[in-house]
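Chemist: Under the numbering used here, residues 1 to 535 are what the sequence shown spells out, in order.
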Amino acid sequence: MFKAKDMNLKISLAYLLLLSLPFSVFAKPSDMPFFAKDVIWNITANIQDNISSDSNSFPNALYPDSALEKEALPGAIVSAPFEKEKEGLLTNSNYYTYMWQRDSGITMLSLLEELKSALSSGDRESIDKYGTIFINYTKFYDFASKQDSYSPGIAKFYLSGQPVFAWQNPQNDGPAFTALVLTEFAALILSQKEPIVAEGITIDKLFISKYLFNVDGKGLINQNLSYIVDHAREKTYDLWESCTGYMFFTTMIQIKALTAGAALSANFDNLSLATKYISTAEYLTYQALEHYKIFTYGKEQFKAYCEGLNFPPNLSFPIYPKYKKNDFSKYRGMSIDSSIVLGILYGDLFEYSLPSSWVYMSLKEDSFLSNKLDIILKASKEDLFPTSLEVIKSVRLLAEKAFSEKGLDPYKVNNELPRGLNLLGRYPGDIYNGTTWNDPLNQGNPWFVTSLALAHYYYTVAYEIKKIEYAEMGDRQMELIFKYIKEKQDTSGKSFIMSEQIDRNTGEQTAAHNYTWSYAQYLLTYQAYIKTREM
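(1) Starting from Ala455, trace the alpha helix (DSSP H) both ways and give me its first and last residue.
(2) Span of the alpha helix (DSSP H) holding Lys372?
(3) Under the assumption that Ala511 contacts Gly434 (Cβ atoms under 8 Å), give the Cβ distance between them as a whole number of angstroms.
(4) Counting C-beta neighbours from all protein chains within 10 Å, is the total for Ser388 16 or more, i.e. buried, or is it exposed?
(5) Please list the terminal residues of the continuous beta strand (DSSP E) segment that includes Gln558.
(6) By Cβ distance below 6 Å, which residues in the same chain neighbour Gly474 in space, the five residues on each side in sequence not counted?
(7) What separation, rounded to the nearest whole angstrom, lies between the Cα atoms of Tyr529 and Ser329?
(8) Excluding the 5 residues flanking Leu408 on each side, which residues of the same chain have their C-beta closer than 7 Å to its C-beta?
(9) Once DSSP output is grouped into helix, strand and coil, what is the label at Phe248?
(10) State buried or exposed for Phe368, treating a residue as buried only when at least 16 other CB atoms are found within 10 Å of its CB.
(11) Helix or strand or just coil, what does DSSP make of Pro74?
(12) Quick check: the Cα distance between Gly174 and Phe165, rounded to an integer number of angstroms?
(13) If distances are taken between C-alpha atoms only, which option among Arg102, Met247, Ser57 and Glu405 comes closest to Gln590?
(14) Grab me the residues of Gly507's own chain with a C-beta within less than 7 Å of its C-beta, minus the 5 sequence neighbours each way, in chain order.
(15) Looking only at C-alpha atoms, which of Ala288, Val181 and Asn46 sits nearest to Ile376?
(16) Is it right to say Asn224 is buried, meaning 16 or more other beta carbons lie within 10 angstroms of its own, or is it exposed?
(17) Buried or exposed for Gly200, going by 16 or more other Cβ atoms inside 10 Å?
(18) So, Pro170 versus Tyr237, is the Cβ gap smaller than 8 Å?
(19) Using 8 Å as the threshold, is the C-beta distance between Leu109 and Val181 below it?
(20) Tell me whether Lys372 is buried or exposed, calling it buried when 16 or more other Cβ atoms sit within 10 Å of its Cβ.
(21) What do you reckon, are the CB atoms on Ala304 and Ile278 nearer than 8 Å?
(22) Can you tell which of Tyr519, Phe213, Asn172 and Ser79 has the C-alpha that lies nearest to the C-alpha of Ile189?
(23) Count the other CB atoms within 10 Å of the CB of Pro386; is the residue buried (16 or more) or exposed (fewer)?
(24) Distance check for Ile468 and Leu68, CA to CA, integer angstroms please.
(25) Let's test the definition: count the other Cβ atoms within 10 Å of the Cβ of Leu73 and tell me whether it reaches 16, buried, or not, exposed.
(26) Would you kindly work out how many angstroms separate the C-alpha atoms of Tyr137 and Ser120, rounded to a whole number?
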């Protein structure tokens with residue numbers, strides 16, 4: 001890995017690389033239709049429609065072909081609900097009627113910002129709505145954690161709260177997302193002058209003590225973070241549920257969750273737990289840096305962040321099922337992968353590096369914790385922040401080389417697009433199209449989640465270095481994505497519907513429709529955009 005003697009020199013090199021982005025080729029848009037009020041309202045409503053509540057228990061979404069059909073618990077977040085067909089409108093021929101820890105955690109992170117905004121403005125209707133969602137989410141995992149043979153590494157659950165054991169387990173990004181959501185929720189509760197009241201239910205320190213964290217270190221937060229500590233040196237499935245190893249995406253989320261958990265523990269004067277969490281976060285930070293390595297793709301060599309850490313150095317990507325020694329099942333997607341930009345965004349410690357952040361202030365009160373935080377933040381700022389040289393090079397490889405017209409795995413929908421703008425798939429050579437995953441004749445497609453993440457990245461860079469011109473790349477990327485969304489409706493007449501994927505040739509939405517993670521990523525991207533307008 002490149003190591004500049006002077007960190008300021010390294011940051012300057014990173015900014016020079018950013019400055020080479022082709023901003024001048026774009027005209028500034030006259031408006032932002034992709035972030036219009038009605039669009040964001042519908043995107044948020046689509047998320048809420050996929051969350052179970054007392055009045056919405058998914059009567060048409062539960063295991064239509066299974067004897068395990070049960071009513072959904074309030075707080076269950078369905079990945080992609082089953083819908084009845086209606087001619088001429090999008091419907092779910094593929095559906096994911098389960099609750100994934102990862103997807104639900106990302107969804108709740110997007111809604112956390114909505115709850116914060118509601119509390120700041122005193123919007124009673126929104127406080128009731130989002131506060132209840134967080135109460136139900138907490139109680140869902142409280143119920144799930146008490147089921148037989150439960151483990152925080154379980155990837156997904158039936159909507160009734162029962163763990164799904166016959167799946168690619170463990171997926172150790174799941175407990176990190178759950179812990180991060182609940183830790184940030186606890187911090188929000190503690191930051192309020194008065195208890196939060198949602199539909200008559202009080203959310204206060206007693207709620208934290210009962211469900212989330214108490215002075216004895218018990219609760220859902222400690223349960224999930226202790227699991228991460230105990231399994232930090234073990235392999236896990238990647239976020240695409242394809243192969244096992246030491247995964248960049250998982251590591252980044254774990255670092256952030258553990259750092260936040262250490263701060264919360266310090267707030268409760270549990271320095272033993274805080275020490276355990278922050279020390280593991282330090283270990284994982286060094287592990288994340290090891291993912292910056294040389295790899296071969298076709299006849300070319302690249303140096304960038306790789307998703308997997310444990311593939312052989314002589315291995316050449318892409319890898320297909322016909323390869324010997326079952327390398328396809330072991331290593332596909334372990335090199336260049338859109339999971340890199342997702343991990344950078346979801347695991348970004350920039351906000352925690354600000355002296356005004358609750359995490360920073362909490363950890364700075366103890367000399368040992370303060371020292372560990374400094375080590376983590378220094379390494380992150382040099383090599384893992386969105387504005388670091390290694391990250392910029394890795395994201396540019398994805399944006400300009402992976403799926404572009406003349407790229408490693410060109411998508412027809414990306415033909416004639418300017419440099420730096422693309423619909424992104426999971427990784428070049430992917431053969432999962434929503435129906436099959438091991439047929440080389442069926443090629444992978446762009447995903448809304450990954451394509452939106454590129455816009456999210458550009459907005460994040462703009463915010464973190466206070467340069468609005470970088471947000472223009474985010475605007476252009478959003479314009480590209482929005483044309484695949486703006487006229488889409490589902491069988492119930494809901495607007496701005498997003499599926500999991502976009503057909504690489506036709507541009508039609510495909511795979512699982514009404515996909516919750518797509519909506520959550522759209523909302524997170526909008527929230528990143530808003531920050532650039534508040535600079």
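Every residue gets a Cβ at the ideal spot worked out from N, C-alpha and C, and that includes glycine.
Modeler: Well, looking at it:
(1) Phe448 to Ile465
(2) Ser367 to Asp383
(3) 3 Å
(4) buried
(5) As shown, the chain starts at 1 and ends at 535. That puts residue 558 outside it, with no answer to give.
(6) Ala455, Tyr458 and Tyr459
(7) 38 Å
(8) Tyr297, Gly298, Lys401, Ala402 and Pro428
(9) helix
(10) exposed
(11) coil
(12) 14 Å
(13) One cannot answer for residue 590 here, as it falls past the ends of the chain, which runs 1 to 535.
(14) Val413 and Tyr484
(15) Ala288
(16) buried
(17) exposed
(18) yes
(19) yes
(20) buried
(21) no
(22) Phe213
(23) buried
(24) Note that Leu68 scores 49 on pLDDT, short of 50, meaning its location in the model is unreliable; the coordinates nonetheless yield the value given after this. Distance between the alpha carbons of Leu68 and Ile468: 51 Å.
(25) buried
(26) 22 Å
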